[in-house]
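Please read the structure below before turning to the comments.
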Amino acid sequence: MSGKNRDEDLDYYTKYATDDWVPLHNVAVAVNGHLGKGATFDQIVEATVDFVGELIDRGIRPGDLIADYPDFVLWSGEKSTLLDRLRNEMRAHGDFPYPGDVCWLHKPTAP
């Protein structure tokens, strides 16, 4: 997964996550589109983890949406811990994530 479309998607999801919560599903759909027809689940997982890693480098963080305040709870840990958790949770889920599955992505605001 490389090239202009990937860079455009990184820019798009960086802006989207700055303004709103992004379901992992949306990112996985974009990644799957870059991989093309016939991509295996493992390829999708690894490419999604890689893409989210680049979003983390841009200040975007995975977390959970909850019903109470605060609405968005960041996953804790360093980048490698976050990506390991994402990989493990996607594999445990065992299928392409639907909206709301596994995690959401958002750029936290400074306190």
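Residue numbering for the sequence shown follows the working numbering, beginning at -7 and increasing consecutively.
For each residue, glycine too, the CB sits at the ideal point set by N, CA and C.
Just so it is clear, the structure is predicted and the values come from calculations on it, not from any experiment.
Taking the Cα positions, residue 2 is about 26 Å away from residue 62. Taking one beta carbon from each stretch, the region 75 to 86 and the region 34 to 41 have 3 or more pairs nearer than 8 Å; the two touch. Under the DSSP definition of a beta bridge, residue 54 partners with 97.
Per DSSP, the unbroken beta strand (DSSP E) holding residue 64 starts and ends at 64 to 66. When the Cα atoms are used, residue 71 and residue 65 turn out to be separated by approximately 16 Å. Residue 98 and residue 11 have their C-alpha atoms roughly 8 Å apart. For the 8 Å CB-CB criterion, residue 91 and residue 26 do not form a contact. The residues 99, in chain order, have a CB closer than 6 Å to that of residue 51 in the same chain once the five nearest residues on each side in sequence are set aside.
Judged by their CB atoms, residue 74 and residue 5 are not nearer to each other than the 8 Å cut-off.
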